Structure formats: C-alpha cells, structure tokens
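Protein chains in written order, with my numbering: chain A, 3 to 290; chain B, 10 to 436.
Glycine residues also receive a C-beta, built at the ideal position from the N, C-alpha and C atoms.
Just so it is clear, the structure is predicted and the values come from calculations on it, not from any experiment.
One structure is given below, encoded as structure tokens.
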C-alpha cells in the first residue's frame with residue numbers, strides 16, 4: 003500500500019496539532035498548568051466566526067472577533083481564576099481547566115446545538131497543490147505556515163523580549179523568579195492570553211478541516227496533549243514537531259485497515275512509547 | 010441574533026416549498042378534533058432518545074410530542090390527555106437502561122413512542138418484553154427490528170443503505186461499492202447486510218469501519234479512493250456526512266465515485282452545508298419517507314401539526330416519522346372505547362392488533378403484524394432524491410429495497426394484504 007498520499011493528507015491535522023501543542027506548552031512552561039480548556043477556547047472562536055459570518059459580517063472580521071473572544075476568555079481565566087489556584091497542586095489546576103472545558107462545551111452545545119450540518123469555509127479551501135497525488139488544499143498549507151510562523155514568533159518573543167525573559171524565568175524556577183521580582187501574575191496572564199490566541203486560530207482551522215461541532219473542537223485538546231508530551235511539555239520546537247508527527251501517525255494509520263479502527267489512539271501510543279524510551283524522570287513531572 | 014435569523018431562514022425555506030400556491034391544512038387533524046382540551050386522568054407515554062452524545066435525534070420525539078399536544082387540545086384519548094415523558098440516553102447504554110426503568114417502572118408509561126437512539130434498543134429490548142410495554146419509534150441497530158416489542162417507523166439504516174446501493178446498481182451501474190460507517194454498535198449488521206445484498210445482486214461490497222474519534226477525514230476519503238470502487242455508501246448523520254462530502258470535494262472524489270447516502274442526509278440543512286454546485290446531481294440520497302413537499306393529506310397534516318404545535322422543531326424525515334409514530338399510537342388507543350380501560354396491557358393489545366395505518370408519507374401502510382410477530386420492518390419501500398440547484402429533487406418513487414434478509418417480512422405482508430402504493434402528491 004502506498005502510504006505517501008496519507009502523509010500528504012496528514013499535513014492539515016498535523017499543523018493543527020502542532021499549533022495546539024505549542025500553545026499548551028507555552029502556558030505549561032510559564033504557569034505549570036495543563037489547560038484542558040484549550041479546545042473549548044478554540045471552539046468558541048470557531049462558532050463565533052461562523053455565526054458572525056453567516057449573519058453577514060465580512061469573514062476576516064468574523065475570524066478576528068472569534069480569535070479575540072477566545073483570547074479574552076483565556077485571559078480572563080488567567081487573570082481571575084488562575085492566580086487563586088497558583089498555590090494548588092498541578093493536578094488540581096489542570097482539573098479546574100477541565101471543569102471550564104466542560105462548562106464551555108455545554109454552553110456551546112446548548113446555544114449552537116450538536117449534530118447539525120454546517121460548514122465554516124475559508125477562501126483557501128479550493129485552491130490546492132498536488133503532493134503525492136493528493137490535493138492538499140491551500141487551507142492546510144496555510145495551517146502549516148501559520149503554525150510555523152506562530153511557533154517561530156513565540157520562540158523569538160521568548161528569546162528577545164523582556165516578557166519572554168520573564169516567561170523563561172518562571173519556567174526555570176517559579177519561586178526564585180518571584181523572589182527576584184519577576185511579575186508572576188502578569189507573566190501568567192500573558193501566557194494565558196497567548197494560549198487563548200493559539201486556541202482560537204487552531205479552533206477555526208480545525209472547524210474548517212474537520213467539522214463545526216462543540217465536542218469535536220473541545221476534545222482537540224486530547225491529541226494536542228499527546229503531542230505536547232512528545233515535547234516533554236517543555237520544548238517549543240519539540241511541541242511543533244510532536245504535533246506534526248501525531249497528525250501524520252493518525253493519517254498514515256488509515257492505510258492499514260486492521261489498525262485503522264484505532265488510529266486516533268496512535269498519538270497516545272507514540273507518547274507512551276516515547277515516555278518509556280526517554281525515561282519517566284524526563285516526562286511530565288520532570289520540572290516539579 | 011443568529012438563532013432568529015436561522016428561524017426566519019427555516020420559515021422562508023418552508024414557505025418557498027409551498028410557493029406554488031398549494032395550501033397547508035388550515036387546521037391540523039388530531040384525534041377526536043373536539044377543539045376542547047382534555048382534562049381527564051393522564052395517559053403516560055414515554056420515549057428514550059439520543060439527544061446528546063454521538064448525535065442528536067430529537068426531531069422524532071419532539072414531533073410525536075407535537076402531535077400529542079394537538080390531540081390533547083382536541084379532546085385527548087376519550088377525554089384523557091397524553092403526558093409525554095422524554096429522556097435523553099446521552100448515547101450511553103447504561104443511561105438508556107436507567108431511563109427506560111424510570112419511564113416504565115417509575116412513571117408507569119403505557120407505551121413508548123418516538124424513541125430514536127443509537128443504542129436504546131440494545132439496552133432495553135428485553136426489558137420491554139418483560140414489562141409488556143411496546144415501543145414505536147425510530148431505530149438504528151438490529152435489535153430495533155428484530156425484537157418482539159419494538160417496531161420502527163423508519164426503514165432503518167440497513168434498508169436505507171440497501172435501497173441506496175440498489176439504486177446505484179440499477180441506475181449508476183455500480184459494480185464495486187464501498188460501505189463506510191463508524192464502528193459503533195450495529196455497524197456490522199448494517200454493512201454486513203449490504204455485503205449480503207451485494208452477493209445476491211453481483212455487486213462487490215467492501216466494508217470500511219472507521220474510528221469515530223479520529224479528526225482526520227481527508228485520509229478516510231483517500232482510503233475510499235484507494236479501494237478502486239465505483240460507488241460509495243456513506244453512513245452517518247448529515248453533519249458527519251457534510252464533513253466527508255466537503256473532504257471528498259477537495260479530492261474531486263465525486264468524479265471518480267458515485268456517492269450514495271441514506272435517509273439521514275435528507276434534511277433541510279445538508280444542501281447549505283455542502284457546495285451544492287459541486288454536488289449538483291452527484292449525490293444520491295435514499296429517502297425512507299415521502300418528500301417533505303408532498304401535498305398528500307397526511308404529509309400536509311404533519312406540516313400543520315408541526316406549524317401549530319412544534320414550530321421550532323426541525324422538519325426532516327425524522328420529524329415525519331415521529332409524527333406517524335404518534336398517529337399510530339393514538340389511533341390504537343382510540344380503539345379502546347372506555348377511557349377507564351386504557352392501561353398498558355390494553356394499549357399493548359390494541360397496538361398489536363391494530364388495523365394497518367394508511368398514510369401517504371410511507372410507501373405502504375404501517376402495521377404491527379399481530380401479537381405473534383417477533384420482528385418488525387414495516388417500512389422497507391423507499392425513494393431516491395438528489396440535490397439540484399441547492400434544493401432537493403425527487404428522482405425515483407416507491408421501490409422495495411430488495412434486501413434478502415427481510416423475506417419473512419414480505420411473506421407476512423402478503424398475508425396481511427399490504428401493498429406498495431405511492432400516494433405522495435408531488436409537483
């Protein structure tokens with residue numbers, strides 16, 4: 003079986019996973035919080051973009067409003083709720099975001115409904131390049147480009163700006179950073195804002211590539227976490243590559259009929275194997 | 010704001026369907042048509058529906074409720090109003106079982122009407138037999154069609170799939186067909202049934218079962234194309250279908266394969282969720298019930314009931330089926346002359362011994378088949394429609410699905426004198 007077409011096909015979803023994984027790792031590095039509401043933020047952005055565009059607003063404005071909304075919700079959480087949880091265990095902080103995710107999922111399902119045929123289109127959907135005999139839409143190429151640019155941009159921000167320096171300091175040692183005067187809450191809030199922005203963009207892209215459904219978009223966070231684990235929740239280039247790898251694993255497994263039924267588990271199996279090979283000490287808890 | 014506009018858009022669609030000047034029934038025909046609200050001892054009726062989880066199938070039970078509300082406003086069942094108890098099984102077996110116990114055990118419902126679920130029949134078929142309660146609803150897995158106490162209004166995904174595949178064989182010259190479905194309870198029954206049909210009619214059928222939680226649809230389309238099949242039967246609800254059709258369009262898959270789909274795609278929403286220009290006359294949809302714009306008397310009454318008592322309910326074939334389920338249940342209960350005698354046992358007997366229900370919404374009368382009937386599939390005669398210029402167009406009228414697995418059903422129908430009759434009135 004020729005697997006190259008599936009490799010080409012995996013670009014779009016891989017790019018979304020890469021974007022999501024980078025967004026998760028940025029926040030985790032700065033605040034130690036694994037954000038289970040990442041997908042829900044993205045879903046909010048996608049649904050708002052869809053509704054506003056359907057109601058007659060120019061599509062680009064709809065996307066901007068959607069991304070602004072996800073960013074605002076994430077920032078609000080980071081400003082209001084996250085500081086009050088800052089001294090709690092990482093697991094508790096993560097579960098709190100899960101609560102937010104489920105709340106938002108319920109809200110989206112209630113307002114926009116579930117199981118409804120609808121489409122979030124982007125102007126790049128029907129232009130394409132041919133790769134290994136597969137039409138790869140410009141939307142998917144754009145997703146890859148956006149993921150690359152944003153990951154690169156964040157890398158530059160971390161290495162070249164004062165706020166980036168603060169985020170690296172927090173990632174290195176939160177207590178010492180606070181002691182020497184790093185504005186911990188400010189940096190945390192900024193990390194949440196960035197997380198929300200990444201989520202909004204990822205959500206709109208996934209809604210286009212897959213479908214506009216509350217649960218589908220909310221649970222994007224699951225494969226994104228698998229991708230982030232491949233990066234040991236610390237490396238931004240690792241998160242980017244991990245996301246692409248997870249997307250490709252899922253796509254390529256389609257070519258194996260006997261395994262195809264469980265292809266969505268591919269990213270997690272990869273993350274588990276990685277953890278076993280790299281070692282538990284360098285896994286999720288390594289930075290505690 | 011968006012919701013309001015959606016509502017107006019929906020109303021505009023319905024209005025446009027009738028732009029030719031044909032009138033809706035001025036007043037819905039419900040039960041005794043007394044015009045007076047029923048005030049007697051309530052008749053509890055239940056339904057277990059997947060309103061959340063894998064999908065949302067609320068149209069059928071909400072439409073049954075609309076009909077019951079209409080009946081209650083017109084004298085009820087000999088003065089007794091129907092109280093409808095509707096539970097969401099969240100697409101989970103344990104929740105479906107709990108819901109049934111609550112309805113049958115705690116609420117004491119006399120009959121279940123309008124249930125629509127991926128898994129409810131699997132969870133509750135045996136329980137209903139033990140409790141002597143019947144269910145008239147819409148079903149998906151095989152247990153919905155092979156159970157003594159459950160009879161469905163819809164043809165079911167197997168019949169709808171066979172109907173669509175058979176159209177592809179006859180009209181599109183299909184020789185090699187892929188049956189695709191999510192790997193969920195009942196999936197083997199559906200694609201397995203199409204494989205058996207294919208063996209009888211010389212069509213090579215390959216089944217592809219998919220992981221429901223995977224986000225990558227384009228690879229799935231590539232898998233379809235890699236089979237080299239000339240036709241495809243894509244199962245699922247219209248939202249899943251839209252996702253696959255949009256991914257298929259990006260690969261220009263319709264130029265290489267005939268896309269046939271079951272009745273779950275026949276909704277007002279689907280043409281707007283796909284590129285109707287690309288799919289113009291390239292998507293063949295099996296329809297288990299009459300076209301929504303049929304001017305047949307019962308179909309017009311369905312519109313009238315929904316407009317008056319369920320204006321927010323999406324009108325689709327699920328809604329039509331829920332309405333029929335309500336009608337059948339009410340008609341059966343009406344045969345119990347003394348309102349004080351209406352209870353679960355008498356309702357069960359009345360439904361089992363009912364006269365076939367004649368309707369222009371189905372291609373033949375709907376029936377239970379007597380107390381001895383151990384399987385039910387009264388609706389197995391279907392139609393084909395397609396999308397043309399963004400609207401639904403009727404392609405083929407009533408035709409038996411030719412599924413070899415329901416020969417015993419056809420034998421029973423011959424005994425009962427059930428005949429195929431296309432009573433839909435189309436433009």
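What residue from the options has the CA that sits closest to residue i's CA?
i, options, result
"residue 246 of chain B", "B:430, B:48, B:357, B:68", "B:68"
"residue 198 of chain B", "B:217, B:183, B:212, B:185", "B:217"
"residue 468 of chain B", "A:66, A:163, A:120", "Any answer about residue 468 of chain B is impossible in this case: the structure gives chain B only from 10 up to 436."
"residue 123 of chain B", "B:88, B:70, B:158, B:162", "B:70"
"residue 135 of chain A", "A:253, A:277, A:271, A:8", "A:8"
"residue 29 of chain A", "A:235, A:217, A:124, A:75", "A:235"
"residue 156 of chain A", "A:3, A:6, A:21", "A:21"
"residue 147 of chain A", "A:51, A:14, A:6, A:10", "A:14"
"residue 292 of chain B", "B:315, B:191, B:265", "B:265"
"residue 211 of chain B", "B:147, B:178, B:349", "B:178"
"residue 249 of chain A", "B:223, B:87, B:416, B:261", "B:223"
"residue 411 of chain B", "B:105, B:42, B:170, B:43", "B:170"
"residue 34 of chain A", "A:71, A:159, A:116, A:191", "A:191"
"residue 142 of chain A", "A:128, A:153, A:73", "A:128"
"residue 54 of chain B", "B:233, B:431, B:352", "B:352"
"residue 281 of chain B", "B:137, B:434, B:399", "B:399"
"residue 175 of chain B", "B:189, B:193, B:203", "B:203"
"residue 247 of chain A", "A:81, A:233, A:260", "A:233"
"residue 298 of chain B", "B:113, B:164, B:338", "B:164"
"residue 214 of chain A", "B:372, B:252, B:397", "B:252"
Using 9 Å as the threshold, is the C-beta distance between residue i and residue j below it?
i, j, result
"residue 149 of chain A", "residue 18 of chain A", "yes"
"residue 450 of chain B", "residue 386 of chain B", "Nothing can be reported for residue 450 of chain B: it is not among the residues displayed for chain B, which extend from 10 to 436."
"residue 130 of chain B", "residue 145 of chain B", "no"
"residue 182 of chain A", "residue 169 of chain A", "no"
"residue 283 of chain B", "residue 258 of chain B", "yes"
"residue 38 of chain A", "residue 102 of chain A", "yes"
"residue 357 of chain B", "residue 156 of chain B", "no"
"residue 332 of chain B", "residue 72 of chain B", "yes"
"residue 16 of chain A", "residue 245 of chain A", "yes"
"residue 12 of chain A", "residue 225 of chain B", "yes"
"residue 429 of chain B", "residue 409 of chain B", "yes"
"residue 359 of chain B", "residue 342 of chain B", "yes"
"residue 90 of chain B", "residue 46 of chain B", "yes"
"residue 376 of chain B", "residue 425 of chain B", "yes"
"residue 127 of chain B", "residue 84 of chain B", "no"
"residue 269 of chain B", "residue 243 of chain B", "yes"
Looking at the strands, I want to know which residues DSSP matches up with residue i.
i, result
"residue 4 of chain B", "With chain B covering 10 to 436 only, the question about residue 4 of chain B has no answer from this structure."
"residue 146 of chain B", "B:161"
"residue 185 of chain B", "B:213"
"residue 389 of chain B", "In the DSSP output, where bridge partners are listed per residue, residue 389 of chain B has none listed."
"residue 120 of chain B", "B:54"
"residue 89 of chain B", "B:86"
"residue 297 of chain B", "For residue 297 of chain B, which the question treats as bridged, DSSP gives no partner whatsoever."
"residue 95 of chain A", "Looking at the DSSP assignment, residue 95 of chain A forms no beta bridge with any residue, so it has no partner."
"residue 97 of chain B", "B:58"
"residue 409 of chain B", "B:390"
"residue 430 of chain B", "Answer is none; residue 430 of chain B lacks a bridge partner."
"residue 268 of chain B", "B:241, B:292"
"residue 191 of chain B", "B:219"
"residue 133 of chain A", "A:136"
Quick one: is the Cβ of residue i within less than 8 Å of any heavy atom of the ligand ADP?
i, result
"residue 189 of chain B", "This structure does not include the ligand ADP; it has no bound ligands of any sort."
Worksheet item: Per the contact definition of three or more C-beta pairs closer than 8 Å, is the stretch 159-167 of chain B in contact with the stretch 92-102 of chain B?
Response: No contact exists between the stretch 92-102 of chain B and the stretch 159-167 of chain B.
Practice prompt. Could you list the residues in the stretch 122-141 of chain A with a C-beta less than 8 Å from some C-beta on chain B, going in chain order?
Written response: 127, 128, 130, 136, 137, 139
Item to complete: May I ask you to list, following chain order, the residues of the stretch 263-280 of chain B that have a beta carbon less than 8 Å from some beta carbon of chain A?
Response: 276, 278, 279
Worksheet entry | Cβ-based contacts, 9 Å cut-off: residues of the stretch 214-229 of chain B near chain A | Look at the stretch 214-229 of chain B: the residues with a C-beta under 9 Å from a C-beta of chain A are 217, 218, 219, 220, 221, 222, 223, 224, 225, 226, 227, 228, 229.
Worksheet entry | Residues of the stretch 236-255 of chain B whose Cβ lies closer than 8 Å to any Cβ of chain A, in chain order | Result list: 246, 247, 248, 249, 250, 251, 252, 255.
Worksheet item: What residues in the stretch 315-335 of chain B have a beta carbon less than 8 Å from any beta carbon of chain A?
Response: none
Worksheet item: Looking at C-beta atoms only, is the number of pairs between the stretch 97-106 of chain B and the stretch 79-86 of chain B that lie closer than 8 Å three or more?
Response: no
Item to complete: Count the CB pairs spanning the stretch 209-228 of chain A and the stretch 30-50 of chain A that are closer than 8 Å, and state whether there are at least three.
Response: Enough Cβ pairs lie closer than 8 Å, so yes.
Practice prompt. Using a Cβ-Cβ cut-off of less than 9 Å, list which residues of the stretch 178-194 of chain B approach chain A; keep chain order.
Written response: Answer in chain order: 192.
Worksheet item: Can you list, in chain order, the residues of the stretch 228-259 of chain A whose Cβ is nearer than 9 Å to any Cβ on chain B?
Response: Within the stretch 228-259 of chain A, the residues whose Cβ lies closer than 9 Å to some Cβ of chain B are 249, 252, 253, 254, 255, 256, 257, 259, listed in chain order.
Worksheet item: Okay, do the stretch 296-307 of chain B and the stretch 410-429 of chain B touch, 3+ Cβ pairs below 8 Å being the bar?
Response: no
Discussion item. With three or more C-beta pairs closer than 8 Å as the rule, is the stretch 53-73 of chain A touching the stretch 198-207 of chain A?
Written reply: yes
Discussion item. If the cut-off is 9 Å on Cβ atoms, which residues from the stretch 108-122 of chain A count as contacting chain B, listed in chain order?
Written reply: Here the close residues are 111, 113, 114, 115, 116, 117, 118, 119, 120, 121.
Worksheet item: Which residues, in order along the stretch 94-112 of chain B, keep a beta-carbon less than 7 Å from a beta-carbon of chain A?
Response: For the stretch 94-112 of chain B, which is checked against every Cβ of chain A, not one residue is closer than 7 Å.
Worksheet item: If you measure beta-carbon to beta-carbon, which residues of the stretch 215-228 of chain A are closer than 9 Å to chain B?
Response: Answer set for the stretch 215-228 of chain A: 215, 217, 218, 221, 222, 224, 225.
Worksheet item: Relative to chain A, which residues along the stretch 136-157 of chain B have a C-beta separation below 8 Å, given in chain order?
Response: none
Discussion item. So if I threshold CB-CB distances at 7 Å, which residues from the stretch 174-199 of chain A count as touching chain B?
Written reply: When CB distances to chain B are screened at a threshold of 7 Å, not a single residue of the stretch 174-199 of chain A falls below it.
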